[in-house]
Every structure is written in structure tokens, then in C-alpha cells.
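Okay, structure first, notes after.
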Amino acid sequence: MDRFSVFSARLVDKSENFTSGHRACQGCAEALAVRLVMKALGRDTIVAMSTGCMEIISSPLPLTSWKVPWIHNAFENSAAVISGCESGMKAMMRKGKLPAKKINFVGMGGDGATADIGMGALSGALERGHDMIYVCYDNEAYMNTGIQRSSSTPFGASTTTSPAGKASMGQHTRKKNMAQIAVAHNIPYVATACSSFPFDLMEKVKRASETPGAAYVHILSVCPTGWRIQPHDAIKYGRLAVDACVFPLYEVVNGKYSLTYRPQRIIPVKEYLGGQGRFRHLTEKQVEQIQAFVDTDYQKIVKLSDEV
Amino acid sequence: MAKPMEQITWQELEIGAVVTEVGSARQYHTGSWRSERPVVNKDQCIKCGVCWLFCPDISIVRAAEGHFEADLTYCKGCGICAKECPVGCITMVGEEE
């Protein structure tokens, strides 16, 4: 995929399937990620969305930000609902009750809905091989209810249920690697993306929609409120996460890994952790420990993507 | 939606709380949240559209002259456009009374 080019922004489709008037916090990169995903998918899309930030901010009852058929469901079952939609529509098309048409079936959820609560339903849907896309918006905690830790919260981050203090260094377990779990289901397409790299993100979502069978896209969505950063830095921290190799951008097509973005200069993890309030309490030693984790994980991905 | 949001009662909702009007959130003006507003220097703007692409509130619109500017009805004043503009032609100005 090509490197970021400022001039191609104008060539992107101007139609919006996710409208303004949503109630996300200032500088919410997750709302931006939803917007970009909907741009890539277009109008012929059915979305099932779990409880979470994006559901709350986009559909306060008499209003909706969506321009596509959208259904809200409980935390655990967006993957189950969308796989039911897919099977139902397929049957209706086969019986001639609906005109045959390519429709994108998209399940969406935050990291809590994906990695914690909806894990079982998602695993089942991926295993059954429905022609659907599951998009996870990972802001690394339950931000909607006030920054509680999820299994996607990174090592060392301070949240309201893993607070840093005298006896605690914040989150003491490591982040669950959902993309690798999806890869382990042997599905045709898995990708990681970040809203700070919009062209890369849209490219991956388009490829996921073209892939027959289940596809999983994991999107790192910076949350200024929960990460304790300035709203205008939301895009910058997404870039730093990718440049520090904390969140490598790669895709796995039929089990074949490829890194879609290799940082020209890999920055130390310290630069990424530095400005964030949730990592403010970390000691030198803990930062070194995180650096070691990141290096090992990144080398694994590099090794897998270099294999031919 | 014919009625403003505040005046709708529960009896008037569709069965199953289905919302039948697409994109109706546009009647909720998030611009009132703003404490700073982006101001574009039209002469410096290279009309690239990066601010438009990165706006989480979809509040950047293309003006008739070709440059991009914020629709203040929805702009929440996050400042991402000012930060990401490659030529730095957007400045955040404090809202006054």
C-alpha cells in the first residue's frame, strides 16, 4: 500500500453514511474510524453494533447518525446477529424473495464487546464462515462507562478499575491480541488498521468486503478522554503507536502475513507513552519492560511477513 | 423528523423504537459544545482536503472558492484540523461571548 499522500484526500468518496450530530467527545478518533469504515463500505451495508461508545453516541433514541440499516444489540451478540442477517438474506435471495445483490454484512463492537463479552459469539461466527466483516474499534478500555479496564487495556495503563498508586502500577496484565485470535480461526482475511492512516484503513476494509467468507478488522482508535491526552493529539498518538511498533499495521490473507506499513524510523516506546496521562506513573524499569514486550511482538510479525 | 427532538413523547415512537428517518442526528447541533473555533487562512490553504478527511465530526465542508472550512453548526472545536493541516493555515481562535 502506498505511503500517506496529502493530495489524494480529495479523491476520496465525498458521500457520508455516518452523519454529523453524533455525540462523541471532542477529537474522538473512534468516530473518525467509523466514518472512514462507512466511506469504504458504501450504502449497501447492514450494520449490527454492540453496546459501547459508538452505539451510545450515534443513536440517542429519536435520532440516528446512520444512513444504512443499523441494529443495536446487547454487548455479547453483534457477531451472532449479523451472521443471522447474512444467513437470512442469503436464503431470501436464493428463494427469489429479494433481488440478488452484493450486501456488506458488518458487525461492529468496541474492544470490550469484542475481546471480553462478545468473544464467544464472535468466535462462533468466524468459525461458521459467514460472508461478513467484523470490525473492532479498540480504544483499550471501557471508555463509555468511564474508563474501566478491559482485556484489551495495555500493560501499565492506569484506568479507574486498575488505578496506579503506591501498591499498583496500573494494568498488570498484557493486552489480549485479538487479531492473532482471529487469525487462529483460519479465516480468509484479518487486518489491523488505525484511523491515523485513513487510506490504509479504507483499503483494508474494502479488501475485507471483497473477500468471500469471514473477515476481521481490528482498528486502534485513540480516545483522548481515556488516554488522558489533548483532543487535537488524537491523530498524532495513533501515528506514534504505529511508529513505535506498539500497534503494527499488517494484514493476513489466507494465513499469509504482510506488513502494510513499516515505519521509516522506529521510535522508542517512551515517546509514545510519554505524553499520555494513563502512563504517567511508569518508572524507567517498567518502560524498559514494555519496550521488551513490544520488540518481541514486532519481531514475530516481521518474521512471519518476511516468510515467502 | 417533523417535531423537534424534545417534544416527541414515548407514545409517538415507532414500535420497537425503530428510527425511520436516516441521518436525523443532523438536527442536533453539536457546535454549541465548542470553546475554540478553527479559522482558515484562505490564501495559505492548498485545498488538499486533509482537514476534511481527518474531521471526526464531519463538519469540514468545501467552500465555493475551493478551500475547506468548518461548518460551525457541528464543529466541536477539537483542533485536529489545525494540528493536521500540512501547511498550518488553520488556527484555533477562542470563542467569545
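Line order of the protein sequences matches chains D and Z. Here the first sequence stands for residues 1 to 308, where the numbers follow this note's numbering. Here the second sequence stands for residues 1001 to 1097, where the numbers follow this note's numbering. Backbone N, C-alpha and C define an ideal beta-carbon position, used for all residues, glycine too. Since we're looking at a predicted model, the values are computed, not measured.
- [ ] Inspect the CB distances between the region 101–109 of chain D and the region 43–61 of chain D and report whether three or more fall short of 8 Å.
- [x] These segments touch.
- [ ] Could you tell me which residues DSSP puts in a beta bridge with D:S258?
- [x] Its beta-bridge partners are D:E251.
Open item on the list: Could you give the first and the last residue of the continuous alpha helix (DSSP H) run that contains D:S83?
Closed with: Looking at the DSSP string, the run of the alpha helix (DSSP H) that includes D:S83 is 78–94.
- [ ] Kindly identify the DSSP beta-bridge partner or partners of D:D138.
- [x] Partner(s): D:L220.
TODO: Run down chain D in chain order and give the residues with a C-beta less than 7 Å from the C-beta of Z:Q1044.
DONE: What Z:Q1044 touches in chain D: nothing, since even the nearest Cβ is about 14 Å away.
Task: When D:R278, D:P99, D:Y298 are compared against D:A141, the one with the closest alpha-carbon - done: For D:A141, the closest alpha carbon among the candidates D:R278, D:P99, D:Y298 is that of D:R278.
Open item on the list: For a test of the three-state rule: what should DSSP assign to Z:P1038, helix, strand or coil?
Closed with: In the structure shown, Z:P1038 sits in a strand (DSSP, three-state: E or B).
- [ ] Give a yes or no on whether the minimum CB-CB distance between D:R94 and chain Z is below 7 Å.
- [x] It does not; no Cβ of chain Z falls within 7 Å.
Open item on the list: Rounded to the nearest angstrom, what separates D:V34 and D:F18 at their Cα positions?
Closed with: Going from the Cα of D:V34 to the Cα of D:F18 covers about 7 Å.
Task: the region 1017–1042 of chain Z: positions lying closer than 8 Å to chain D by Cβ - done: Residues A1017, V1019, E1021, V1022, G1023, S1024, A1025, R1026, Q1027, Y1028, H1029, T1030, W1033.
Open item on the list: Under 7 Å, Cβ to Cβ, is there at least one residue of chain D near Z:I1015?
Closed with: At a cut-off of 7 Å between beta-carbon atoms, Z:I1015 makes no contact with chain D.
TODO: Return no unless some Cβ of chain D is closer than 7 Å to the Cβ of Z:L1053.
DONE: Yes, contact with chain D.
Task: Residue environment, D:S5, which counts as buried when at least 16 other CB atoms sit within 10 Å - done: Its pLDDT being 46, under 50, D:S5 is placed unreliably in this model, and the coordinates cannot settle the point.
Task: Residues, ordered as in the chain, of the region 16–28 of chain D that lie near chain A by beta-carbon distance below 9 Å - done: Structure shown: chain A not included; protein chains present are D and Z.
Open item on the list: To the nearest angstrom, how far is the alpha carbon of D:A31 from that of D:C245?
Closed with: Their Cα atoms are separated by approximately 23 Å.
Task: Beta-carbon proximity check, Z:C1089 vs Z:Q1027, cutoff 7 Å - done: No, they are not a contact pair.
TODO: For Z:V1087, count neighbouring C-beta atoms within 10 Å of its own C-beta (all shown protein chains included) and say buried if the count is 16 or more, exposed if not.
DONE: The residue in question, Z:V1087, is exposed, as its Cβ has fewer than 16 Cβ neighbours within 10 Å.
TODO: Spatial neighbours of D:L259 within its chain, please: CB distance less than 6 Å, with the 5 preceding and 5 following residues excluded, ordered by chain position.
DONE: Correct list, in chain order: Y250, S305.
TODO: Return no unless some Cβ of chain D is closer than 7 Å to the Cβ of Z:P1056.
DONE: For Z:P1056, the answer is yes, since a Cβ of chain D falls inside 7 Å of its Cβ.
- [ ] Examine chain D for any beta-carbon lying closer than 7 Å to the beta-carbon of Z:E1065, and answer yes or no.
- [x] For Z:E1065, the answer is no, since every Cβ of chain D falls outside 7 Å of its Cβ.
Open item on the list: Considering Cα atoms alone, identify which of D:H218, D:Y216, D:Y272 is closest to D:V321.
Closed with: Outside the shown range of chain D, which is 1 to 308, sits residue 321 of chain D, and nothing can be said about it.
TODO: Flag this pair as yes or no: are the beta carbons of Z:G1077 and Z:R1037 separated by less than 7 Å?
DONE: The answer is yes: Cβ separation under 7 Å.
Task: DSSP bridge partner residues for Z:I1060 (one or two, in chain order) - done: Answer by DSSP bridge pairing, in chain order: Z:A1070.
Task: Rounded distance between the beta-carbons of D:M178 and D:H218, thought under 8 Å - done: Confirmed, Cβ separation roughly 6 Å.
Task: Reduced DSSP category for D:C53 - H, G, I as helix; E, B as strand; rest coil - done: Looking at D:C53 - three-state DSSP - the assignment turns out to be helix.
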